[in-house]
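**Q** What follows is a structure written as structure tokens; I'll ask about it next.
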Amino acid sequence: MDFWSRLLAHTPLSSGSSRKDFARDPVRRLHRFEKEYSQLLQRWRNSSNLAHDDEAAENIEIRLQELTNILTDESRRPLPHPCITFSARKQIYIPVAKVAISSGNEWIIKEAVLFFATLIESEEEAFVENDSFSVSLTNLLVRITGTNSIRLDSDTETRVVELAFNITTKIRLDPEILPTWFRSRQQANSPSEEYQDEHDRFAGRTQKQDFPLFYLLMDYIHNEGKVGDFARTGLLYIIEAASSSVALEQWIVESDLSTLMATGLGALYSQLSRKLVIDHPAHELPPVLALSDYDHPKSNYEITSSCSAEFQAHLDTFLSHLLFWQDVLNHCRSVEVKSTLLEHFQVIFLQQLLYVPCLSIQPVWCIADRSPPRYPSLLESSDIDGGSSVAVLTYLRRILESLDHPDMINLILHYLLALPDIVPSASSTSVSSVSRARKRKSMDLATLMAAQSDTAATPLLFNLVDLILACLRSHSQQTINVTLQLVSAILKRHHRYAVITLLHTVTVRSELSRRTVGAHQQEVEFLTHLAGCIGGQDNFDEIYQNVLGDTTIRLESHPCSLKLVAPKTSTNNHKLPAIPDSLPGAPQDVCPHTLRPDDPVLNIILDRLESFFLNPVETNLSLTDAIFELAVCGFVSIEGWFLRNTQQYVYDDEGEEYGQSDTPPAPDSPIYAEFQKVQSMKQCRRRPKWTTSSLPRFLTVLQLLTNEVEAYRETIPRFDDLLQQRREAFQTADIGAPPPVPARPKQPNPQAAPSTPAIGRTSNDDHRSASPARPSRLEGFAQRILSELGTPTRSGSPRGRKEMSRGPSDRSTPAPVPPREFPLSHESPSRGGGLARSYSPGSAASVPGSWDARGDAVSSQLKAFQAVDQGILSRRVGLPAVRGGAEKIEPIPLVFEKVAAGVEAADDDGKGEEGEGEVPTPPEEKTVSVSHVITNVIVLQSFLFELASLVQVRAGLFDEVRFA
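Using my numbering, read the sequence shown as starting at 197 and increasing by one per residue.
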């Protein structure tokens, strides 16, 4: 190696570790930092206009980036940190902010924001507590996000809001630095100038100078993504800090925070459609609707569909901002700030939007509009004008389902249900400055709303209960459906409000309403017997166990049941904390009560339940859910309206098995007490007489529906087969793919068969079971429907629960013997043979001949029965006449027509070779397809299992049964 090579090898320029050594040396690092800073100032002073000097702007951007990199690297290294100390001593952030503001260059602004963020993250030299630093940074943030600033891209905007969020995080951790960023001008002004301009202070025109960071976050709370998250969380931290600063608390009360938040919420609500129809996407239609008479509702430019992507986006945005309101109230520890927010929520949003169709105070971007917009209003809702009732009831239900803050719920339901106002008594005579400020704000709000006070309607004339009762009597199925969903939401989440307004209840003594164990067993058997009469070949024991688990979870999670199921941790503390309501007029805790049999809501629901098989499936699901929610509360006694009244039990005199079989001992005998206890237990095991007059209307309607199923079984050919195939179609949709078809088990000899046949089986099952394993006759039809709909994303079971797949041993689960108290009104053809099984294609397998001939015959029979099943499922039927011994409807004929191509079914008109057709239906009678009836029958059976599980779980969970 020559001399020059050795010389270059020892110089810093040629050394690979020279930059690392340079960074490790604090002196060299500071020298480099000062050099970069001096070059930045020189380029800035030498450039007359950075907006038009691209070379100078690029050079300044590079120098800012180098400064930030040096500071970032130094903060990770051990002390000393001379560059950070130099930045604090020389206050280099002041010229950096001026360079960024004057440049008008987005890249320079982005690097300046990163430079300030690096200084804050260093947590040295107390930058966040420095007044000069806060002034420079707030001036920079205000100028680059103001109205006349350049438009920032999403990345730079995110960094700006994140920087503001980091400052609020420091304030939350150390409230003592709040005066550095918040300076109340009222403290600096003289007393004579404090109240000189009340209107300007209300409008917030002079408040931005006091706390610019607050208003910067307010401008971004409606944004999506990280920007909105940083802005909303930072604002929550500032509101939380108001509890430790009286000046900030008074400033927030007098600022336009509550006005901006309320009008912003109203603006988002105004974007929702005034008319709405509930629909499902065609590719995501649930199987329970696809296998029924479901028609997609029509929508146009005025009526919006609920599955519209634009509508869903508007609704999600509105609900997210509503949840932000709830978060603000949860974080706010100041009573005055919380009261101001709730007051504006009620006056500006609740009264002006939910109840009054027109606004006097409009959102900021709607003020220029000359004609005031019309919003979804409870007062103007109607089921005649194309879905305005559907819209406003749907929005109200989503609001009640989204919120759980007790004050917001109390404010909404207290106003809409027209509950009486309770004025709280003054606890103290001293009034603080914050209280005076809130009173002035309330007076300003009342003055601005005075123009609406003369014409605005109030819930005292037409409240939410009146609207619910009117909509339940509507002729529009969509209106009925959304109203039932709203009733279920109120009963499920806010039951204490429904007890005193929506429902007619009476207080009962819990010890007098407990039923005996004999009556309890009798009523559970009645409900399970009704479910068993519908029939089926599934393993219902396993299904019922799953339903029991779901019912237990629903009962334990009910808000009213918490006090009943919560364990008693201490003998001296049996009461749970009271409901934390800070507003006056909130309902008290629910006490033991029962529903009156003449309750309007209950009777309207039972009226709708009587036409169960003609109702839309969605309406039936909402009906059954509302009935379940009526009985799910642990403080509701279900005797009298759900089950028989305990005071009306009548026993047979001949019940000797529960009577006194032994001679009673003497009263003074030591075993007399035990004898009395045994006799009391025997008395409770007695079963009351089952008479129709003692049944409540609800059980009578259930018995009627089961009788109608039996009548359908008599008049619809192959009813049991169609019912079983529909159930298999739902199970196929549940698991997402068609399962392998299990082979049918061989039936034992007729001599060894049980005397009680399985529910839903016929006398020809043994003959059919000899045929080889093959796909079910309706399975192909159901799979074709499901394949056209695509893979469903929602549960396909009628009640929304997945049923276990059945193995071969589950195909012939025998049903229990029906109790003698519950005879069937009609004789089921499945118990005495019938037309449904006499044409089973499985009999073709026993025809002698070659294998090809048997295969062709089976294939032809399968095609024929698939076509016949489609023809049966498409027929229109009404309610069977089972009341008062009226004449029954004619059975649907089962007709085959042979053509040249093979054996095929008759046409849709049901006319055979002799021109026979079905009996014409009267024009005024409502009819549905057999397929629709089959789906509703499965829904009814699932509902009966849920009712039986409800009675059984309540008995153990709430101690409703007495054994002695």
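Cβ coordinates follow ideal geometry from the N, Cα and C atoms, glycine included.
Quickly, what does DSSP pair valine 295 with across the bridge? List them, please.
**A** None, per the DSSP bridge assignment.
**Q** Would a C-beta distance cut-off of 9 angstroms place phenylalanine 824 and leucine 1146 closer than the cut-off?
**A** yes
**Q** When the Cα atoms are used, what is the spatial distance from threonine 354 to arginine 689?
**A** Going from the Cα of threonine 354 to the Cα of arginine 689 covers about 38 angstroms.
**Q** Please report the residue range of the beta strand (DSSP E) in which threonine 697 lies.
**A** Per DSSP, threonine 697 belongs to no beta strand (DSSP E) and is neither H nor E.
**Q** Kindly give me the distance between the Cβ atoms of leucine 682 and isoleucine 664, rounded to whole angstroms, as I take these residues to be in contact under 8 angstroms.
**A** 7 angstroms
**Q** For alanine 727, which option in Arg1150, Pro276, Ser1138 has the closest C-alpha, if you only look at C-alpha atoms?
**A** Ser1138
**Q** Of the choices Arg883, Thr815, Phe809, Cys880, whose alpha-carbon is the least far from that of valine 905?
**A** The shortest C-alpha separation from valine 905 is found at Phe809.
**Q** Under the DSSP definition of a beta bridge, which residues are partnered with glutamate 445?
**A** Looking at the DSSP assignment, glutamate 445 forms no beta bridge with any residue, so it has no partner.
**Q** Within 10 angstroms of the Cβ of cysteine 787, are there 16 or more other Cβ atoms? Answer buried if so, exposed if not.
**A** Counting Cβ neighbours within 10 Å, cysteine 787 comes out exposed, since fewer than 16 surround it.
**Q** Can you tell me whether threonine 500 is helix, strand or coil according to DSSP?
**A** strand
**Q** Return the first residue and the last residue of the alpha helix (DSSP H) that threonine 429 is part of.
**A** 421-437
**Q** Does DSSP put glutamate 257 in a helix, a strand or coil?
**A** helix
**Q** Give a yes or no on contact between the region 432-441 and the region 530-544, applying the rule of three or more CB pairs nearer than 8 angstroms.
**A** Per the Cβ contact rule, the region 432-441 is in contact with the region 530-544 (3 or more Cβ pairs under 8 angstroms).
**Q** Let's test the definition: count the other Cβ atoms within 10 Å of the Cβ of valine 1124 and tell me whether it reaches 16, buried, or not, exposed.
**A** buried
**Q** Just to confirm the assignment: which complete alpha helix (DSSP H) runs, minimum length 4, are found wholly within the region 858-882?
**A** Complete alpha helix (DSSP H) runs here, min 4: 868-881.
**Q** Taking only the alpha-carbon atoms, compute the straight-line gap between threonine 790 and leucine 1140 and give it to the nearest angstrom.
**A** Cα to Cα, the separation comes out at about 22 angstroms.
**Q** In or out: phenylalanine 514 buried (at least 16 other Cβ within 10 Å) or exposed?
**A** Buried, because 16 or more other Cβ atoms sit within 10 Å of the Cβ of phenylalanine 514.
**Q** Of all the options Val292, Val449, Gly830, Asn419, which has the alpha carbon lying nearest to the alpha carbon of phenylalanine 329?
**A** Val292
**Q** Give the range of the alpha helix (DSSP H) segment to which threonine 820 is assigned.
**A** 813-826
**Q** Under 8 angstroms: do the region 536-549 and the region 449-459 share three or more Cβ pairs, one atom per stretch?
**A** yes
**Q** In chain order, what residues of the same chain have a beta carbon less than 7 angstroms from the beta carbon of phenylalanine 1159, not counting five sequence neighbours either side?
**A** If we look at phenylalanine 1159 and ignore the five residues flanking it on each side, its Cβ neighbours are Val713, Met877, Cys880.
**Q** Below 8 angstroms on the Cβ atoms is my contact criterion, and I expect cysteine 667 with serine 585 to pass it. Report the Cβ-Cβ distance as a whole number of Å.
**A** 6 angstroms
**Q** Buried or exposed: where does valine 702 fall if 16 or more other Cβ atoms within 10 Å of its Cβ makes it buried?
**A** Looking at its Cβ environment, which holds fewer than 16 other Cβ atoms inside 10 Å, valine 702 is exposed.
**Q** Kindly indicate which three-state DSSP category glutamate 835 falls into: helix, strand or coil?
**A** In the structure shown, the three-state DSSP call for glutamate 835 is strand.
**Q** Just curious, the alpha helix (DSSP H) that threonine 679 is in, first and last residue?
**A** 673-689
**Q** The alpha helix (DSSP H) that contains threonine 180, what's its start and end?
**A** Outside the modelled stretch of the chain, which goes from 197 to 1160, sits residue 180, for which no answer is possible.
**Q** Between Glu445, Phe410, Leu518, which has its C-alpha nearest threonine 536's C-alpha?
**A** Glu445 is the residue among Glu445, Phe410, Leu518 whose C-alpha sits nearest the C-alpha of threonine 536.
**Q** Would you tell me roughly how many angstroms separate the C-alpha atoms of leucine 900 and glutamate 806, rounded to the nearest one?
**A** Taking C-alpha positions only, leucine 900 is separated from glutamate 806 by approximately 8 angstroms.
**Q** Would you decide whether valine 846 is buried or exposed? Buried here means 16 or more other CB atoms lie within 10 Å of its CB.
**A** Result: exposed.
**Q** Straight-line CA distance for serine 965 to threonine 902?
**A** Annotation note: pLDDT 35 at serine 965 (below 50); position unreliable, no value reported.
**Q** Using DSSP bridges, identify the partner residues of threonine 712.
**A** Arg1158
**Q** Spell out a yes or no on whether the region 490-505 and the region 466-481 are touching, meaning 3 or more CB-CB pairs, one atom from each, closer than 8 angstroms.
**A** yes
**Q** By the DSSP assignment, the beta strand (DSSP E) with histidine 789 in it spans what residues?
**A** 789-791
**Q** So what does DSSP say about serine 1145, is it helix, strand or coil?
**A** In the three-state reduction of the DSSP assignment, serine 1145 falls in the helix class.
**Q** Just mark histidine 691 as buried or exposed, buried being the case when its beta carbon has 16 or more other beta carbons within 10 Å.
**A** When all chains shown are included, histidine 691 counts as buried.
**Q** Does the ligand SAH have even one heavy atom less than 8 angstroms from the beta-carbon of glutamate 420?
**A** By its list of ligands, the structure shown contains no ligand whatsoever, and the ligand SAH lies outside what it can speak to.
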